[in-house]
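Residue numbers (my numbering), protein chains in the order written: chain C, 3 to 133; chain H, 3 to 133.
Written as structure tokens, this is what we have:
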């Protein structure tokens with residue numbers, strides 16, 4: 003029970019973090035995630051942290067690291083479901099998660115990824131700003 | 003950290019079980035799930051248990067109970083990602099999960115739900131068997 007499952011949902015991957023991760027779990031998650039991004043050519047990673055009441059600097063750095071890795075692999079990372087206390091703590095820790103998009107919940111995160119990755123889906127697609 | 007998040011994904015709800023649930027957690031999950039089925043008028047519930055290496059009779063009964071409750075509320079439950087050892091144990095325990103659909107992973111579970119709930123999606127829609 004020391005492995006956090008990575009769920010493939012179409013072009014995206016979904017991870018739900020429910021426990022305080024240990025170092026080993028975080029490493030395993032990074033490995034699994036990068037492996038699955040590679041294997042399934044995923045364009046986006048959703049990390050749901052709605053179950054986290056609080057967060058420490060380790061978890062914050064882990065999120066930032068995963069986002070950096072997936073960004074290098076051309077997959078956009080969206081952290082969803084962040085609770086107010088977690089957001090406050092992250093900023094107080096100086097971890098503003100550069101390069102990580104955030105969304106209120108998984109649905110909005112999916113919408114965000116779709117709008118970013120499929121610009122010519124339904125709109126005129128005039129957004130050319132990507133980071 | 004004693005609450006298992008229920009994620010809304012369109013018309014469906016997704017629960018990822020990663021820990022051995024205690025009684026209280028299971029009760030909370032039932033409450034959350036029924037509340038969300040009611041609030042969002044969800045037609046399907048996906049329960050991912052790919053992180054479970056083993057399962058006991060309590061967990062098996064919990065899955066069966068949740069499926070019964072959501073079925074009464076007109077939402078189909080699909081258990082996805084069941085590992086071989088878990089399937090063996092469930093059958094050995096006499097818990098064959100009546101009324102619960104299963105699928106290999108979340109994607110196939112979603113397809114299953116869509117095919118059940120939207121019969122006239124792309125096919126001729128001649129399946130009239132529902133349980």
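The beta-carbon is built from N, C-alpha and C at its ideal position, and this holds for glycine as well. Only a predicted model underlies this, so the values are computations on that prediction, with no experimental measurement involved.
Buried or exposed (CB count within 10 angstroms, at least 16 for buried), residue i
{"i": "residue 14(H)", "result": "buried"}
{"i": "residue 50(C)", "result": "buried"}
{"i": "residue 59(C)", "result": "exposed"}
{"i": "residue 45(C)", "result": "buried"}
{"i": "residue 66(H)", "result": "buried"}
{"i": "residue 8(H)", "result": "buried"}
{"i": "residue 93(C)", "result": "exposed"}
{"i": "residue 52(H)", "result": "buried"}
{"i": "residue 115(H)", "result": "buried"}
{"i": "residue 105(C)", "result": "buried"}
{"i": "residue 90(H)", "result": "exposed"}
{"i": "residue 69(C)", "result": "buried"}
{"i": "residue 74(C)", "result": "exposed"}
{"i": "residue 84(C)", "result": "buried"}
{"i": "residue 23(H)", "result": "buried"}
{"i": "residue 43(H)", "result": "exposed"}
Assigned secondary structure, residue i (DSSP; H/G/I helix, E/B strand, else coil)
{"i": "residue 19(H)", "result": "coil"}
{"i": "residue 57(H)", "result": "coil"}
{"i": "residue 24(C)", "result": "coil"}
{"i": "residue 95(H)", "result": "coil"}
{"i": "residue 80(C)", "result": "strand"}
{"i": "residue 88(C)", "result": "helix"}
{"i": "residue 47(H)", "result": "strand"}
{"i": "residue 115(H)", "result": "helix"}
{"i": "residue 41(C)", "result": "helix"}
{"i": "residue 102(H)", "result": "coil"}
{"i": "residue 29(C)", "result": "helix"}
{"i": "residue 75(C)", "result": "coil"}
Chain H contact for residue i (CB, 8 Å cutoff)
{"i": "residue 86(C)", "result": "no"}
{"i": "residue 11(C)", "result": "yes"}
Chain C contact residues for residue i, given Cβ-Cβ distances below 8 Å
{"i": "residue 7(H)", "result": "18, 20, 50, 52, 53, 83"}
Min CB distance residue i to chain C below 8 Å
{"i": "residue 40(H)", "result": "no"}
Proximal residues of chain H, C-beta to C-beta of residue i below 9 Å
{"i": "residue 109(C)", "result": "9, 10, 11, 12"}
Contact with chain A by residue i, beta-carbon distance below 8 Å
{"i": "residue 40(H)", "result": "This model lacks chain A altogether, as its protein chains are C and H."}
Any non-hydrogen atom of the ligand HEM within 7 Å of residue i CB
{"i": "residue 27(H)", "result": "Looking for the ligand HEM in the displayed structure turns up nothing, as the structure carries no ligands at all."}
For the 8 Å Cβ check, are there 3 or more pairs between the segment 78 to 86 of chain C and the segment 102 to 122 of chain C? yes
Touching by the beta-carbon criterion (3+ pairs, under 8 Å), the segment 19 to 30 of chain H and the segment 61 to 76 of chain H: Cβ pair count under 8 Å is three or more, so yes.
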